[in-house]
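The block underneath contains the structure these notes are about, expressed in structure tokens.
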Ligand code: B1M
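In my numbering, the protein residues as written are 1355 to 1574.
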């Protein structure tokens, strides 16, 4: 079976909500020495996105989307351990999904890729009260060290997206805006939206998130 077929089967197993099959295929990816990153983005994430299309077309309901998400994690938990990095810390990245939003699959993929690129990630989780982002930045900067700090917010819903702008405002009010670079992402987020709320960066996917963070924290 060609490698791309294996990724396609992974995506199909996620959409079919079959965690055991997803886990088996994830192990096959590793046995074959294929890229776990590609299996995550071209297999697992593609499967969840396909489920989203089905949901939008009213071909399935929320519980099925949830079961597909669980199936995706059955593979993700196996593959993420094998995403390797350069073994040195290049800077710190605070990540979280804004208050009111529990969609964290994309954020978790971004986290693994960013860690693999050598950044330390402080994961605040999902449904994060907005002041928590500021507190995390304050606490990180309190040691006075001069490492680069990026704060990344994720949002999957048009209803919660504006809260990303609120985080920028809160950082500004706390006098931290110049010390912290802000990056935003999530399916409905666009470059224009990022510019409008005063963010420093935007990324449409996990790979671009790494490139954007590398741009914001250049190697010293
Ligand atoms: Co729901 N959901 N959901 N959902 N869900 C969406 C987002 C929706 C678009 C579906 C639809 O209507 N077509 C819709 C939002 C509509 C809107 O905008 N207003 C929606 C809704 C309405 C809801 C509920 C309200 C449903 C209900 O209860 N009636 C509810 C909301 C609960 C809440 O948050 N308060 C809900 C619940 C759920 C589940 C729990 C069932 C599940 C989430 C499970 C979980 O995350 N733990 C779920 C899912 C899975 C989806 C869809 C189908 C898939 C999202 C996903 O995981 N995509 C989604 C439809 C869709 O997006 N097409 C949908 C795969 C993931 C890999 O992609 O997250 O885009 P993504 O991440 C990418 C990039 O965006 C980027 O990199 C990632 C990897 O490449 N990225 C970043 C993400 N964050 C980044 C941060 C960065 C940089 C890049 O820098 C910091």
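Beta carbons are placed, not taken as given, at the ideal position from N, Cα and C, and that holds for glycine.
What does residue i pair with, by DSSP beta-bridge criteria?
i            : result
residue 1556 : 1538
residue 1353 : It is not possible to answer for residue 1353, since the shown part of the chain is limited to 1355 through 1574.
residue 1475 : 1447
Measure the alpha-carbon distance for residue i versus residue j and round it to whole angstroms.
i            : j            : result
residue 1539 : residue 1505 : 11 Å
residue 1393 : residue 1401 : 11 Å
residue 1488 : residue 1528 : 8 Å
residue 1465 : residue 1391 : 12 Å
residue 1429 : residue 1423 : 10 Å
residue 1478 : residue 1486 : 8 Å
residue 1474 : residue 1467 : 11 Å
residue 1444 : residue 1376 : 33 Å
residue 1513 : residue 1494 : 29 Å
residue 1425 : residue 1363 : 13 Å
residue 1367 : residue 1553 : 37 Å
residue 1418 : residue 1399 : 16 Å
residue 1545 : residue 1378 : 38 Å
residue 1563 : residue 1469 : 11 Å
Residue i: buried (16+ other C-beta within 10 angstroms of its C-beta) or exposed?
i            : result
residue 1361 : buried
residue 1556 : buried
residue 1387 : exposed
residue 1412 : exposed
residue 1496 : exposed
residue 1416 : exposed
residue 1565 : exposed
residue 1369 : buried
residue 1420 : exposed
Where does residue i sit, in a helix, a strand or coil, going by DSSP?
i            : result
residue 1388 : coil
residue 1446 : strand
residue 1395 : helix
residue 1482 : strand
residue 1376 : helix
residue 1543 : coil
residue 1413 : coil
residue 1457 : coil
residue 1518 : helix
For residue i, is the beta carbon positioned less than 7 Å from some heavy atom of the ligand MG?
i            : result
residue 1397 : For the ligand MG, the structure offers nothing, since it holds only the ligand B1M.
Check: For the segment 1454-1468 against the segment 1405-1413, are there 3 or more C-beta pairs whose distance is under 8 Å?
Finding: no
Margin query: Does the structure place the segment 1490-1497 close enough to the segment 1420-1439 that three or more beta carbon pairs sit under 8 Å?
Written below: no
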